[in-house]
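*Asks:* Protein chains in written order, with the working numbering: chain A, 12 to 121; chain B, 9 to 120.
Glycine is no exception: its CB is placed at the ideal position from the N, C-alpha and C atoms.
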């Protein structure tokens, strides 16, 4: 059983829509990471958060430590946001070794 | 900073050949990770180093895989002999004091 569960697996949206991707995990952690991977591309770290909320441009990440749940929101979505979004946390609560979710494939249509 | 630099970007080799993947982490990052990504299994940790010392190599599939980090600015992942099932994208990543990961662009390996 994957210790990091993401939903949905696939998501199609129209340009301009508000998007939410969810991530649940099963153990206590020190920090959770959101990563972005474009088709055929490399992996970019979007956020690392251990509490509350972080915002970068149109991207917002939130985390609820008690509920072991995090969300990634994209406001005013754009086709260039089409990518796979992956959440991950350190194994055993450490930063040294990430456990990854299977990713959410987002496609934003113009 | 140029980020984490991996080479080559693409590698096509014949089964049985030796393959060496290279990685230069970000200066000052104490941790270096080698990950493998396949469609079936997603991202998997192969091995990671802290201050050039291997900490966890439990993800290395078998003895055909080996990794070294002779100094803080260079690491290699070697597969000998290579097999078609090793075909994947191999990512190197480094972790800095702030806790943020930086990934390289990956090496797409095809073993025919």
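Less than 8 Å between the beta carbons of residue 102 of chain B and residue 40 of chain B, yes or no?
*Replies:* yes
*Asks:* Report the option in A/108, A/120, A/112 and A/100 whose CA atom is closest to the CA atom of residue 38 of chain A.
*Replies:* A/100
*Asks:* With a threshold of 8 Å between beta carbons, is residue 82 of chain B in contact with chain A?
*Replies:* no
*Asks:* Suppose the cutoff is 6 Å on Cβ atoms and the five residues either side in sequence are ignored; what does the same chain contact list for residue 54 of chain B look like?
*Replies:* 42, 44, 67 and 68
*Asks:* Just checking my contact of residue 95 of chain A with residue 65 of chain A at CB under 8 Å: how many whole Å lie between their CB atoms?
*Replies:* Not confirmed; about 20 Å, so no contact.
*Asks:* Report buried or exposed for residue 37 of chain B, applying the criterion of at least 16 other Cβ atoms within 10 angstroms of its Cβ.
*Replies:* buried
*Asks:* According to DSSP, is residue 65 of chain B helix, strand or coil?
*Replies:* coil
*Asks:* For the structure I just gave you, are there three or more beta carbon pairs, one from the region 70 to 88 of chain B and one from the region 17 to 30 of chain A, closer than 8 Å?
*Replies:* no
*Asks:* Return the CA-CA distance between residue 117 of chain B and residue 19 of chain A, expressed in angstroms with no decimal places.
*Replies:* 29 Å
*Asks:* Of all Cβ atoms in chain A, is any one closer than 8 Å to the Cβ of residue 107 of chain B?
*Replies:* yes
*Asks:* Out of A/40, A/46 and A/29, state which residue places its alpha-carbon closest to the alpha-carbon of residue 80 of chain A.
*Replies:* A/40
*Asks:* Below 8 Å on the Cβ atoms is my contact criterion, and I expect residue 57 of chain B with residue 35 of chain B to pass it. Report the Cβ-Cβ distance as a whole number of Å.
*Replies:* About 15 Å separates the beta carbon of residue 57 of chain B from that of residue 35 of chain B, a gap too long to meet the 8 Å contact definition.
*Asks:* Among A/102, A/108 and A/92, which one has its Cα closest to the Cα of residue 50 of chain A?
*Replies:* It is A/92.
*Asks:* Determine the contact status of residue 71 of chain A and residue 84 of chain A, defining contact as a CB-CB distance below 8 Å.
*Replies:* yes
*Asks:* Taking the beta strand (DSSP E) that residue 99 of chain A falls in, what are its first and last residues?
*Replies:* 94 to 101
*Asks:* Between residue 29 of chain B and residue 63 of chain A, what straight-line distance do the alpha-carbon atoms span, to the nearest angstrom?
*Replies:* 39 Å
*Asks:* At a Cβ threshold of 8 Å, is residue 114 of chain A touching chain B?
*Replies:* yes
*Asks:* Quick check for students: name the residue ranges of the alpha helix (DSSP H) that lie wholly in the region 27 to 53 of chain A, counting only runs of 4 or more.
*Replies:* none
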